[in-house]
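Trainee: In our numbering, the protein residues as written are 3 to 136.
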Amino acid sequence: MKRATSIGLVFATVVFGGFAEAAPDAIAPSPVASLDSDNDQTIDISEMGKAASDTFDKLDSDGDGNVDRAALGKRMSKNEFKTADADKDNVLNKNEYFLYADSLLRAADPDKDGTLDEKEFSTKEGKKLLGLIQ
Ligand SMILES: [Ca+2]
Ligand SMILES: [Ca+2]
Ligand SMILES: [Ca+2]
Ligand SMILES: [Ca+2]
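And the structure:
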């Protein structure tokens, strides 16, 4: 996994080399980088939770602490919404939203180290999680 990551980085550096010279901070734009506030190349639960919380607040435009399925749009299918809506009141509160994101994080984390790297984010669950929290 480490090997694959460094090959990916080399590739990205070559591809984005031109940009990197102009803007050193913008090397290899990736979904992980945009969420990785401590820059360890992985997303842990607190970074995920922060992104989920920000996104939830954005979706909850009336600020009542709930989002309905329409507000989530393509982020969740009908069945996923049902699964996430633990108390079956047809809206998700932040806790339900977070727990669902957490279940995706765990599903996308086969090595169970509690963090997702770039490769884990490219799995089906990882992509779903990214779509949900961004
Ligand atoms: Ca991190
Ligand atoms: Ca609301
Ligand atoms: Ca609910
Ligand atoms: Ca992992």
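A virtual CB, placed ideally from N, CA and C, is assigned to each residue, including glycine.
With a cut-off of 6 Å, give the chain-ordered residues whose Cβ is closer than this to any heavy atom of ligand 1.
Mentor: 38, 40, 42, 44, 45, 46 and 49
Trainee: Could you check if residue 117 belongs to the surroundings of ligand 4, using beta carbon to heavy atom distance under 7 Å?
Mentor: It does: the Cβ of residue 117 is within 7 Å (strictly closer) of some heavy atom of ligand 4.
Trainee: To the nearest angstrom, how far is it from the Cα of residue 90 to the Cα of residue 116?
Mentor: 29 Å
Trainee: Is residue 68 near ligand 2, judged by its Cβ being under 7 Å from some heavy atom?
Mentor: yes
Trainee: Could you check where the alpha helix (DSSP H) with residue 35 kicks off and where it finishes?
Mentor: Its alpha helix (DSSP H) spans residues 33-37.
Trainee: Roughly how far, in whole angstroms, is the beta-carbon of residue 109 from the beta-carbon of residue 127, given that I think they are within contact range, below 8 Å?
Mentor: 4 Å
Trainee: Could you pull the start and end residues of the alpha helix (DSSP H) that residue 50 belongs to?
Mentor: 47-61
Trainee: Just mark residue 130 as buried or exposed, buried being the case when its beta carbon has 16 or more other beta carbons within 10 Å.
Mentor: buried
Trainee: What do you reckon, is the C-beta of residue 91 under 7 Å from a heavy atom of ligand 2?
Mentor: Residue 91 Cβ: outside cutoff for every heavy atom of ligand 2.
Trainee: Relative to ligand 2, is the shortest distance from any of its heavy atoms to the C-beta of residue 59 smaller than 7 Å?
Mentor: no
Trainee: With distances taken Cα to Cα, identify the nearest neighbour of residue 104 among 32, 124 and 118.
Mentor: The shortest C-alpha separation from residue 104 is found at 118.
Trainee: For residue 40 and residue 46, what's the separation of their Cα atoms in angstroms?
Mentor: In a straight line, the C-alpha of residue 40 is about 10 Å away from that of residue 46.
Trainee: Could you check what DSSP says for residue 81 in three-state terms: helix, strand or coil?
Mentor: helix
Trainee: DSSP three-state label for residue 97, please.
Mentor: helix
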